[in-house]
């Protein structure tokens with residue numbers, strides 16, 4: 649039997665049969681790397697894999713979260729569309745009002761089958777002309793609708809095919825209420841008295 653000399657930490661030299669060392673190495677390898685263990689040993693740290701129960705719990709939590717979120721997605725999208733279109737409508741009408749005064753031109757606003765559009769009066773051609781960006785015709789989302797109610801005008805103009813809402817260079821506009829509503833009958837009113845800017849009525853929030 650061959651023997652192997654090993655020096656301990658204290659400097660003591662010992663002679664151990666080589667057969668015993670080989671058996672110990674084989675046992676260590678079998679425990680850590682063999683098919684009998686499912687754990688991974690790294691630097692003396694044992695890392696266990698996920699159990700089937702842990703995976704099932706995670707899947708259950710994901711399914712619950714998805715079940716809560718998905719049905720609410722349409723409502724979130726509709727609200728975002730409403731808020732965007734409300735801000736855009738107010739901004740465009742007040743922009744047209746400002747440009748009418750600054751450029752001494754007349755603007756008009758009217759509904760279309762799918763949304764709304766702006767016009768500008770061409771003195772040379774003596775007619776109303778549809779506008780390009782940012783006053784191009786706009787299409788509202790299918791979930792929204794716009795209703796225009798005109799009050800008694802503070803002025804009168806002659807001519808045919810006048811836009812429903814006039815925005816004049818004098819700073820005057822057609823007194824009007826524009827109601828923006830969605831499929832859930834939530835609505836807000838954008839209005840002007842004919843002399844001031846277009847503003848939203850106070851609402852109960854959303």
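In the numbering used here, the protein residues as written are 649 to 854.
Just so it is clear, CB atoms sit at the ideal spot from N, CA and C, and this is done for glycine as well.
{"Check": "Please identify the residue among 847, 706, 825 whose C-alpha is closest to the C-alpha of residue 758.", "Outcome": "825"}
{"Check": "Once you ignore the five residues that flank residue 795 on each side, which residues in its own chain have a CB closer than 6 Å to its CB?", "Outcome": "827"}
{"Check": "Spatial neighbours of residue 791 within its chain, please: CB distance less than 7 Å, with the 5 preceding and 5 following residues excluded, ordered by chain position.", "Outcome": "726, 729, 830, 831"}
{"Check": "Cutting at 6 Å between CB atoms, please list the residues of its own chain near residue 848, excluding the five before and the five after it.", "Outcome": "836, 838"}
{"Check": "On the DSSP bridge assignment, give the partners of residue 815 in chain order.", "Outcome": "755, 821"}
{"Check": "When DSSP builds the beta bridges, which residues end up paired with residue 746?", "Outcome": "Answer by DSSP bridge pairing: none, since residue 746 is not bridged."}
{"Check": "Classify residue 847 as helix, strand or coil using the three-state DSSP reduction.", "Outcome": "strand"}
{"Check": "What separation, rounded to the nearest whole angstrom, lies between the Cα atoms of residue 818 and residue 752?", "Outcome": "8 Å"}
{"Check": "Please list, in chain order, all residues of the same chain as residue 675 whose beta carbon is under 7 Å from its beta carbon, the five residues on each side excluded.", "Outcome": "Summary for residue 675: the model assigns pLDDT 46, below 50, so the residue's position carries little reliability; its value from the coordinates is reported in the next sentence. So the list is empty, once near-sequence residues are dropped."}
{"Check": "For residue 767, count the other beta carbons within 10 Å of its own beta carbon; 16 or more makes it buried, fewer makes it exposed. Which is it?", "Outcome": "buried"}
{"Check": "Tell me the rounded alpha-carbon separation between residue 820 and residue 710.", "Outcome": "57 Å"}
{"Check": "Under a three-way DSSP split, which group does residue 770 fall into?", "Outcome": "strand"}
{"Check": "Since residue 798 and residue 756 are thought to touch, with beta carbons under 8 Å apart, how far apart are those beta carbons, to the nearest angstrom?", "Outcome": "Their Cβ separation, rounded to whole angstroms, is 12 Å, which puts residue 798 and residue 756 out of contact at 8 Å."}
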